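Quick note on the working numbering: the sequence shown kicks off at 366 and runs consecutively.
Positions of the beta carbon are idealized from the N, C-alpha and C atoms, including for glycine.
Keep in mind it's a predicted model, so treat the numbers as computed, not measured.
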Amino acid sequence: MTRFLTLFAPFAVLASPLAAQDDPPAPPPREYATQRVVIETTMGDITVALETERAPITAGNFLRYVDEDRFDGTKFYRAMHLDWGEPPNGLLQGGTQMHPDRVRDPIAHEPTTETGLSHTDGALSMARYEPGTATGDFSIMIKDQTGLDANPASSDPNLQLGFAVFGYVVDGMEVVHAIHAAPIDPDKGEGWMKGQLLAEPVEIVEMRRVESAAAPAE
């Protein structure tokens with residue numbers, strides 16, 4: 366039958382309605398549990414959906430920071446711009462900046478090979494030094510940055526585990542872009558961070574949990 370359909374493609378269109386009647390309907394895509402959080406900034410609100418089912422350690426850690434008001438009054442301070450691809454392209458970083466009154470203990474690393482998540486446009490990812498050192502700083506991807514996903518084939522142990530994705534922006538990506546486009550101070554920062562820090566960091570006024578929008582009645 367496969368050869369027949371390949372050789373006589375026009376007839377495959379005619380046969381498809383009958384075939385569809387015999388085939389069972391495809392199951393709907395699985396929906397995973399998430400928790401929405403609003404990130405209120407001085408430049409507008411960003412709503413994110415945290416992957417509490419697929420990345421429970423990382424999302425749970427972020428929610429503890431939210432519930433304990435540890436993010437309130439922190440900043441978006443870093444805007445990394447890539448030299449390739451169509452702008453805007455890179456990432457926006459914010460959080461506690463290791464402030465001793467805000468930071469909690471580091472958390473276990475959840476690689477994307479285990480969670481099934483990826484550093485696609487709007488993904489939230491934990492900032493860290495080595496895997497297992499993430500605390501209260503995070504980044505938002507601008508365009509796909511899948512090179513940050515875990516890569517078991519890499520010869521670099523750090524790249525083998527990649528960075529941990531734990532949610533996605535669901536509303537307010539224009540605010541992310543606006544903060545990312547704010548002026549950079551070329552003299553701020555040290556080492557590879559120099560030239561990536563905002564001249565005027567943007568305040569995170571408050572983060573709070575919100576309920577997801579109710580599905581429309583049928």
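Residue range 530-536 is occupied by the beta strand (DSSP E) that includes valine 530, with no alpha helix (DSSP H) assigned at that position.
Membership of threonine 500 in any beta strand (DSSP E) is not indicated, and neither H nor E is assigned to it by DSSP. In this structure, the CA atom of lysine 440 is about 45 Å from the CA atom of alanine 391.
Judged by DSSP in its simplified three-state form, leucine 513 adopts helix. Taking the Cβ atoms as the reference, alanine 488 lies roughly 19 Å from tyrosine 442, outside the contact range of under 8 Å. Linking proline 551 to phenylalanine 531 through their CA atoms gives a straight-line distance of about 31 Å. Taking the Cα positions, alanine 414 is about 11 Å away from leucine 428. For a cut-off of 8 Å, the C-beta gap from threonine 461 to glycine 501 is around 4 Å, short enough to register as a contact.
Straight across, the Cα-Cα distance linking glutamate 576 with serine 520 is about 43 Å.
Buried is the label assigned to methionine 506, since at least 16 other Cβ atoms lie within 10 Å of its Cβ. The Cβ-Cβ distance between isoleucine 404 and isoleucine 549 does not fall below 8 Å. With 16 or more other Cβ atoms inside 10 Å of its own Cβ, histidine 545 counts as buried. Ranked by how close their Cα comes to the Cα of glutamine 561, the residues His542, Pro421, Leu447 have Leu447 in first place. Isoleucine 544 carries a helical assignment under DSSP once its states are collapsed to helix, strand and coil. Boundaries of the alpha helix (DSSP H) around threonine 423: 421-432.
Annotated as distal: proline 471 and threonine 511, with beta-carbon spacing of 8 Å or more.
Threonine 480 and glutamate 416 have their alpha carbons spaced roughly 9 Å apart.
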